[in-house]
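**Student:**
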Amino acid sequence: MAKNKISPDQLISVIISGIEDVKGKEINILDLRDIENTVCDYFIICEGTSNTQVNAIVNSIQKKVSKELKDNPWHTEGLDNAEWVLIDYVNVVVHVFQKHIREYYDIESLWGDAKTTVIETSY
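Under UniProt numbering, think of the first position of the sequence shown as 1, with each following residue one higher.
1. Between the region 26 to 35 and the region 111 to 121, are three or more C-beta pairs nearer than 8 angstroms?
2. Taking 8 angstroms as the cut-off, does the region 45 to 52 touch the region 63 to 75 (at least 3 CB pairs, one atom from each stretch)?
3. Shortest alpha-carbon distance to Asn37 belongs to which of Trp111, Glu26, Pro8?
4. Measuring straight from C-alpha to C-alpha, what distance separates Tyr123 and Lys23?
5. In angstroms with no decimal places, state the Cα-to-Cα distance between Ile119 and Glu26.
6. Are the Cβ atoms of Ser60 and Asp88 separated by less than 9 angstroms?
7. Is it buried or exposed for His100, if we count other Cβ within 10 angstroms and need 16 for buried?
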């Protein structure tokens, strides 16, 4: 049975919704498609205020993507300490940080050539 092709826009929309459901903060989408030798097309970066919230964001994203798009991540990393969790959906990679870890690694600056979209939240 062939797997339905999910567009990156659909996946990004569901991921953002999953982040917003548990009030993830500072959501950015980095479009990496115009940069040579990247590992994926998009990074979605957000932060939680604690290990508990980081885990809640990760769980919310995974449940929502699984339920709505019938897709699971190819790989997930960092759940043990929940300071920086990476969820790899192949073309879209989600980074869920705690604030101090996000500031330390500053991924947005490392990928400064990427087109960045800031998602405005109402909470």
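Backbone N, C-alpha and C define an ideal beta-carbon position, used for all residues, glycine too.
**Tutor:** The answer reads as follows:
1. yes
2. no
3. Locating residue 37 in the sequence shown gives position 37, where the first residue counts as 1. The option with the nearest alpha carbon to Asn37 is Trp111.
4. The residue given as residue 123 occupies position 123 in the sequence shown. The residue given as residue 23 occupies position 23 in the sequence shown. Computed Cα separation, rounded: 7 angstroms.
5. Mapped onto the sequence shown, residue 119 falls at position 119. Mapped onto the sequence shown, residue 26 falls at position 26. C-alpha separation (whole angstroms): 7 angstroms.
6. Here residue 60 refers to the residue found at position 60 of the sequence shown. Here residue 88 refers to the residue found at position 88 of the sequence shown. Contact: no.
7. By 1-based counting over the sequence shown, the position of residue 100 is 100. Exposed: under 16 other Cβ atoms inside 10 Å.
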